[in-house]
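Before any comments, here is the structure.
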Amino acid sequence: MIKLYFALAALLVPLTFYAQTSSKDINVKFTEIPFKIDGILDEPQWNSAETTDSFYQFFPVDTIQAVKQTEIRMLYSGTTLYIGINLFSDGDDYVTPSLKRDYGAGGNDNISLMFDTFNDGTNAFLFGINPFGVRREALISGGGQGTSGFTMSWDVKWQGETKLYEGYYTCEIAIPLTSFKFKQGEQKWRFNSYRFDMQTNEQSTWVRIPQNQKIYNLAFMGDMIFERPLGKSRTPMALIPYVNGIAAKDYEKQTEQNNLKIGGDAKVSIGNGMNLDITVNPDFSNVEVDNVITNLTRFEVSLPEKRQFFIDNSDLFGSFGTEGDYNPFFSRRIGIAQNAQGETIENDIVGGVRLSGKLNENWRLGLMNLQTEKDESNEIASNNNTVLALQKKMFSRSNLSFIFVNRQTFEDYDFLNEADRYNRVVGLDYNLASADNTWTGKFFYHKSFSHGVENRDGAGGINLKYNSRFLNLGLSGNFIGNNFRSDLGFVPRKDILLFNPSAEVIFYPKKGNLNSHGFIARPEFVWRPTLDYQNTDYFIYTGWQAQFKSQEELSLRLFNRYTYLTASFDPTRTNNGTELPGGTGYYYTSGEVEFASDRRKVFSYTLEPGYGEFFNGSRLVLEGEMNLRVQPKMNFSLGFNYNNITLPEPYESGEIWLVSPKIELTFNKSVFWSTLIQYSNQLDNLGFNSRLQWRFAPLSDLFLVYNDNYFVNSFMPRSRSINLKLTYWLNI
């Protein structure tokens, strides 16, 4: 099997030989004169800077120049990159959801700047700003092929201000060169920019990008050429201590906690391309609470990482395997554990280090080691968690990556089985991306090592995609052995052989209100090797989807399913409910419609009703979200998911509700208050999370976080906590 994967990889390697060509460039002149960053481009040195414009439309069409143009100028000193931008518009009716940093770009006015500092077409730094001077930053990985490679949890220090004029607005930006990683002596970075203009109803890019690609795809970039080679980046060491006062009560276990927690992080730059992150007694109480998900499947679902320590270069560690079926390292495993009753509880991290970044233009290295605390009262061992990742660039945008994951305890515990003392995974991934992103894919094989296990302990797969303007084709398959084990990974199911082809045809009408529409078919088949390769699941998805020039979207979907239950299962998860019997197969068909309104409007919404067969009964579902914008101070959203499951007696029927209202208030660009309420009768929980944040200095915050949880049925309190946390970013 392994030989087959690498034989296929060898056949596809020639697809990556096509060199990337830069259609545009901008010369960046050197300056020693300081700037006042106030959004007004009145410094005389701006007159000497080269101006680049000629933005192209990305939406509604990708064949003409933008109706409203954008002009960008750049200068740099020995320490700072300066950017001045003129953005022309139809008026001053700009759209913004709030004044909070790290906004989402869709549905509001803003501009984003992307810098591929190692010219690899795989990773980039993104900085964005809107007409009101609200900033955001992000890390792009995986070539910008999908949303999983767009990480907005990253934070870094930089300046940016705007000024509104009649018919246009200006942006003045200063980014310390220490905010980037780059090769010393480099004289060229790849660059692109994209803009959302709500009044003209267009999205535009500096380098033209076809609509069948993501607007932040790194295959399509120009060059920014520095007048002088870049020097050594003298990044100061950053110390980020915190103090957190905690008052909490668990009403179920009748326990209380009142203490003061102290810890912190340190960031040390090693050369121009590597970061050393150190954490001691980390605390994540200020991290935004996870969104609750209604789960009607037999399998675990994954949630995104939001903890800052794990964010930088996270793709180095977390992009192995497949996005949905298997990942050998899932950072959210660190910091949680199962107690003796099988319940998932928090497990404190004592400390850890992480070295990550670019060794040179072709090599990336990631090394992480964290120690978790022992909790003998809950039968949780102290574990050392190590991850080593090494990535070698190949051809224009492809790479070969190696990973080693080790979870191990060094102490003897009476409650610990010998098989649980350690778990290791070793793997190799080849990630394919052609120069123009027409061909993408992955080939991987991983093997796990656990005490007493010697066979069926491997996982591997192939994923190949062809992406063109009118036709998208995909072919993927993977297997996971029934003895494969990854304690620090995400493995929702094992003992599978999966096959998943796909095909999509896209049309771009020249007349009418439709901007594009297309048909898609994506079947998926699963066999169980230990059951003589019995076909236990298939899922056939066919659909039609359309995007309108007015930014509305409409989708029609049909699902044909077969599920063979090897074990009994109750999709309603009713306590002590009668489960559907194992050893039985079910055929069922359903359909759904989804409509998304124009997000430029003050009130926007998404509705997704569906109905059809469900196992041996039926299911009615209504899912959606409503959003009301009272800009720029308030944004109110309401998410909801309703499932009415009807199964024949004696099996469980029920109504499952998930309702999630959220209020966000931004008093100014430094003080934010958000409150999220989540009601889920499936989890029997009503949760309140209220979070007040004051950013009193760059990347330095005071948080007041209140959490309150109740049982749904009895409305009795479950748990309650309040945190007052102070963090301060100190450069040394």
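In case it helps, mature numbering (1 follows the signal peptide of the UniProt record, and there is no 0) puts the sequence shown at residues -19 to -1, 1 to 713. Where a beta carbon is used, it is the ideal one built from N, C-alpha and C, also for glycine. Source: prediction; values computed, not measured.
Legend entry - Ser634: first and last residue of the uninterrupted alpha helix (DSSP H) it sits in: Here residue 634 refers to the residue found at position 653 of the sequence shown. That residue, Ser634, is in no alpha helix (DSSP H); it is neither H nor E in DSSP.
Inset, instruction - Spell out a yes or no on whether the segment 452 to 467 and the segment 248 to 267 are touching, meaning 3 or more CB-CB pairs, one atom from each, closer than 8 Å. - result: no
Legend entry - Spatial neighbours of Leu445 in its chain, beta-carbon cut-off 6 Å, leaving aside the 5 residues before and after: In the sequence shown, counting from the first residue as 1, residue 445 sits at position 464. These residues qualify, in order along the chain: Gly422 and Leu456.
Inset, instruction - Within the same chain, show all residues whose beta-carbon is closer than 8 Å to that of Ser695, passing over the 5 residues directly before and after it, in chain order. - result: Translated into the one-based positions of the sequence shown, residue 695 becomes position 714. Cβ neighbours of Ser695 beyond the five flanking positions: none.
Legend entry - Proximity winner among Asn557, Asp74, Asn359 and Ile18, relative to Pro631 (alpha-carbon distances): Here residue 631 refers to the residue found at position 650 of the sequence shown. It is Asn557 whose Cα lies nearest to the Cα of Pro631.
Legend entry - N-terminal and C-terminal residue of the alpha helix (DSSP H) that Leu298 is part of: Numbered from its first residue, the sequence shown carries residue 298 at position 317. A small fix is needed here, since residue 298 is Phe in this sequence, not Leu. Residues Ser295 to Gly299.
Legend entry - Proximity test, Glu636 beta-carbon vs the ligand MN heavy atom, cut-off 7 Å: Looking for the ligand MN in the displayed structure turns up nothing, as the structure carries no ligands at all.
Inset, instruction - Assign Tyr514 to buried or exposed, taking buried as 16 or more other Cβ atoms, counted over all protein chains shown, within 10 Å of its Cβ. - result: The residue labelled residue 514 in the question sits at position 533 within the sequence shown. Flag for Tyr514 reads exposed.
Inset, instruction - Note down, one range per segment and in chain order, each beta strand (DSSP E) of at least 3 residues found wholly within the segment 91 to 165. - result: 91 to 97, 105 to 110, 116 to 121, 140 to 146 and 149 to 157
Inset, instruction - If I'm right that Leu346 touches Leu340 with Cβ under 8 Å, what's the distance once you round it to whole angstroms? - result: Residue numbering aside, residue 346 sits at position 365 when the sequence shown is read from its first letter. Residue numbering aside, residue 340 sits at position 359 when the sequence shown is read from its first letter. The Cβ separation is near 5 Å, so the contact holds.
Inset, instruction - Compute the Euclidean distance between the alpha carbons of Phe506 and Gly524, then round it to the nearest angstrom. - result: Here residue 506 refers to the residue found at position 525 of the sequence shown. Here residue 524 refers to the residue found at position 543 of the sequence shown. Their backbone Cα atoms lie some 18 Å apart in a straight line.
Legend entry - C-beta contact flag for Phe207 and Phe161 at 8 Å: The count along the sequence shown starts at 1 and reaches residue 207 at position 226. The count along the sequence shown starts at 1 and reaches residue 161 at position 180. The answer is no: Cβ separation not under 8 Å.
Inset, instruction - To the nearest angstrom, report how far apart Phe648 and Lys475 are at their CA atoms. - result: Position 667 of the sequence shown, counted from the start, is the residue given in the question as residue 648. Position 494 of the sequence shown, counted from the start, is the residue given in the question as residue 475. Answer to the nearest angstrom: the Cα atoms are 49 Å apart.
Inset, instruction - Using DSSP bridges, identify the partner residues of His498. - result: On the sequence shown, residue 498 is found 517 positions in, with the first residue counted as 1. Its beta-bridge partners are Phe488 and Ala527.
Inset, instruction - Can you check the segment 164 to 197 for any beta strand (DSSP E) of at least 3 residues that lies completely inside it and give the ranges in chain order? - result: 169 to 178 and 183 to 186
Inset, instruction - Answer yes or no: do Thr555 and Gly635 have a C-beta to C-beta separation smaller than 8 Å? - result: Residue numbering aside, residue 555 sits at position 574 when the sequence shown is read from its first letter. Residue numbering aside, residue 635 sits at position 654 when the sequence shown is read from its first letter. Against a cut-off of 8 Å, the Cβ pair of Gly635 and Thr555 comes out as a contact.
Inset, instruction - Report the rounded CA-to-CA distance for Thr708 versus Lys248, giving the unit in angstroms. - result: Counting from one through the sequence shown, the residue named residue 708 turns up at place 727. Counting from one through the sequence shown, the residue named residue 248 turns up at place 267. The alpha-carbon atoms of Thr708 and Lys248 are separated by roughly 14 Å.
Inset, instruction - Kindly provide the ranges of any beta strand (DSSP E) runs that are 3 or more residues long and lie completely inside the segment 309 to 333, ordered along the chain. - result: 317 to 319 and 325 to 327
Legend entry - Own chain, CB closer than 8 Å to Gly470, minus 5 neighbours either side, in chain order: As a working note, residue 470 is residue 489 in the sequence shown. Cβ within range, chain order: Gly302, Tyr307, Asn308, Pro309, Phe310, Phe311, Arg314, Val386 and Val406.
Inset, instruction - Check whether the Cβ atoms of Lys287 and Ser129 lie closer than 8 Å to each other. - result: By one-based count along the sequence shown, residue 287 stands at place 306. By one-based count along the sequence shown, residue 129 stands at place 148. The answer is no: Cβ separation not under 8 Å.
Legend entry - Three-state class that DSSP yields for Asn272 in the structure shown: As a position in the sequence shown, residue 272 is number 291, starting the count at 1. Coil at Asn272, not helix or strand.
Legend entry - Whole-Å CB distance - Met218 paired with Trp170, under 8 Å assumed: As a working mapping, residue 218 is identified with position 237 in the sequence shown. As a working mapping, residue 170 is identified with position 189 in the sequence shown. At roughly 25 Å, the Cβ-Cβ gap does not stay under 8 Å, so Met218 and Trp170 are not in contact.
Inset, instruction - Could you have a look at Pro698 and say whether DSSP puts it in helix, strand or coil? - result: For the purposes of this step, residue 698 is taken as residue 717 along the sequence shown, with counting starting at 1. In the structure shown, Pro698 sits in a strand (DSSP, three-state: E or B).
Inset, instruction - Name the two residues that bound the continuous beta strand (DSSP E) containing Arg474. - result: As a working note, residue 474 is residue 493 in the sequence shown. From DSSP, Arg474 is part of no beta strand (DSSP E); its letter is neither H nor E.
Inset, instruction - Answer yes or no: do Ile121 and Ala105 have a C-beta to C-beta separation smaller than 8 Å? - result: One-based indexing of the sequence shown puts residue 121 at position 140. One-based indexing of the sequence shown puts residue 105 at position 124. For Ile121 and Ala105, yes; Cβs fall inside 8 Å.
Inset, instruction - Using only alpha-carbon positions, find the residue among Ala30, Val115 and Leu145 that is nearest to Tyr84. - result: As a first step, residue 84 must be located in the sequence shown, where it is residue number 103. For the residues Ala30, Val115 and Leu145, the minimum Cα distance to Tyr84 belongs to Val115.
Inset, instruction - Using beta-carbon positions only, say whether Gln165 and Ile18 come within less than 8 Å of one another. - result: The sequence position of residue 165 within the sequence shown is 184, counting from 1. The sequence position of residue 18 within the sequence shown is 37, counting from 1. Cβ distance not < 8 Å, so Gln165 and Ile18 don't count as in contact.
Inset, instruction - Indicate the three-state DSSP secondary structure (helix, strand or coil) for Ala548 in the structure shown. - result: The sequence position of residue 548 within the sequence shown is 567, counting from 1. Reduced to three states, the DSSP call for Ala548 is coil.
Inset, instruction - Given a cut-off of 8 Å, decide if Phe596 and Tyr567 are closer than it, judged by their beta-carbon atoms. - result: Taking the sequence shown and counting its residues from 1, the one referred to as residue 567 is at position 586. Taking the sequence shown and counting its residues from 1, the one referred to as residue 596 is at position 615. Yes. Within cutoff.
Legend entry - Per-residue DSSP class, three states only, for Asp513: Within the sequence shown, residue 513 is the residue found at index 532, counting from 1. Correct three-state label for Asp513: coil.
Legend entry - Option in Ala484, Leu199, Asn198 and Tyr150 with minimal Cα separation from Tyr178: Your numbering for residue 178 matches position 197 in the sequence shown. It should be noted that the sequence gives Asp, not Tyr, for residue 178. Per the Cα distances, Tyr150.
Legend entry - Three-way DSSP call (helix, strand, coil) for Pro590 in this model: What you label residue 590 is simply residue 609 of the sequence shown in a count that begins at 1. In this structure, Pro590 counts as strand in the three-state DSSP scheme.
Inset, instruction - Could you tell me the distance, in whole angstroms, from the CA atom of Ser467 to the CA atom of Ala440? - result: In the sequence shown, the residue the question calls residue 467 occupies position 486. In the sequence shown, the residue the question calls residue 440 occupies position 459. Cα to Cα, the separation comes out at about 10 Å.
Inset, instruction - Could you tell me the distance, in whole angstroms, from the CA atom of Asn193 to the CA atom of Ser449? - result: Position 212 of the sequence shown, counted from the first residue, corresponds to residue 193. Position 468 of the sequence shown, counted from the first residue, corresponds to residue 449. If I take the Cα positions, the gap works out to 7 Å.
Inset, instruction - Flag this pair as yes or no: are the beta carbons of Ser702 and Ile227 separated by less than 8 Å? - result: As a position in the sequence shown, residue 702 is number 721, starting the count at 1. As a position in the sequence shown, residue 227 is number 246, starting the count at 1. Yes.
Inset, instruction - Return the residue from the list Phe36, Ser536, Phe383 and Thr12 that minimises the CA-CA distance to Thr61. - result: In the sequence shown, counting from the first residue as 1, residue 61 sits at position 80. Considering only alpha carbons, the answer is Thr12.
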